[in-house]
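Okay, so here's the structure we're looking at.
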Amino acid sequence: MSVLNKRTTQWSGLALGLFTLLSSVVGGYSSPAEAAPYMTRARCFAAGSAGNMGRTMGARNASRIVNAVWARLGQTCNQVDRLAQILSETPLARPTTSGEFAACFYLGYTEQIYDTVDEIYGRCGTACFSAGAEIGKISAQGYCAASMAVGGLLDPGFIAQPPLPFCGSSLVMGCKAEYIYTATVAFPGCSSYTDGFFTETFDNTVRQDCYVPADIPIRDHGFLRLGSTTYSVN
């Protein structure tokens, strides 16, 4: 399973739940929000409108609650699946009052939850993959130097990688990708120790060196906490 598929699977419940609820509130209005049958999504973005104000407030509140939960979880990427789980299990009642303010508040709230979690997954995916790539590069350089010094290494034996959550899987993929690239392309003279007689030795060495026994608490540096507010930074 690719990292993207794993990421999608981990919080598909959140995405599906928000989409279903949004569909019933904006852009068609079935009960319980029959009070505003004229409502369209565009009304939530009209400058100076009650809908735009409601959407903005909803997005603000959603961002605050996601960031508060993320901060409580330590903002480490091994907790990103837990974050999505908590949010997917949070009950969100559809608005029952009339008018575009409540409907657009709800739209802003639910969409911001989705977008904020998606951004966290994106940052964590990059951070975990990059950490793995660093491990892979350094380990491959060691493998190449040692192999060339003694004319090839012995097969270290196979090791099975246990299933890992999102960050761990990203880290392993980054490690293996960079390891293979370094040994087969970037390190002069090493490619001959990656195939032929040394194919199994190389494959098993990559598995051994990129083996991760458990998820890694890599920190999400995309947020800086200033006082009581959490700000997203690029």
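Just so we're aligned: the sequence shown equals residues 21 to 254 in this note's numbering. Think of the CB as a built atom: it goes at the ideal place given N, C-alpha and C, for glycine as much as any other residue.
Margin query: Could you give the first and the last residue of the continuous alpha helix (DSSP H) run that contains phenylalanine 121?
Written below: 120-170
Notebook entry, point to check: How many Å lie between histidine 241 and asparagine 98 at the Cα?
Noted result: 13 Å
Check: Is alanine 203 buried or exposed, if buried means 16 or more other CB atoms sit within 10 Å of its CB?
Finding: buried
Notebook entry, point to check: So threonine 225 is in the alpha helix (DSSP H); what residue range does that whole segment cover?
Noted result: 219-229
Notebook entry, point to check: Under three-state DSSP, which class holds threonine 204?
Noted result: helix
Next item on the list: Select from Gly188, Gly94, Tyr126 and Thr96 the residue whose C-alpha is nearest the C-alpha of alanine 153.
Entry: Gly188
Notebook entry, point to check: Between valine 86 and isoleucine 133, which are expected to be in contact by the criterion C-beta below 8 Å, what is the C-beta distance as a whole number of angstroms?
Noted result: 6 Å
Check: Given that a residue counts as buried once 16 or more other Cβ atoms are within 10 Å of its Cβ, and exposed if not, what is glutamate 198?
Finding: buried
Note to self: Using 8 Å for Cβ pairs, my map puts glycine 194 next to alanine 151. What's the rounded Cβ distance?
What the structure shows: 7 Å
Next item on the list: Within the same chain, show all residues whose beta-carbon is closer than 8 Å to that of glutamine 161, passing over the 5 residues directly before and after it, in chain order.
Entry: Thr202 and Phe207
Next item on the list: Give me the Cα-Cα distance between tyrosine 141 and isoleucine 106, rounded to the nearest whole angstrom.
Entry: 15 Å
Checklist line | Candidates Ser69, Leu127, Ala62 and Pro183, of which the one nearest asparagine 81 by Cα | finding: Leu127
Note to self: Just to confirm the assignment, what range does the alpha helix (DSSP H) spanning arginine 75 have?
What the structure shows: 70-92
Notebook entry, point to check: glutamate 120 and serine 190 look like a contact to me (Cβ under 8 Å); what is the Cβ gap, rounded to whole Å?
Noted result: No, glutamate 120 and serine 190 are not in contact; Cβ-Cβ is about 41 Å, not under 8 Å.
Note to self: Give me the residue from Thr136, Phe218 and Leu103 with the minimum Cα distance to proline 185.
What the structure shows: Leu103
Next item on the list: Tell me, please, which residues DSSP counts as bridged to threonine 96.
Entry: Arg239
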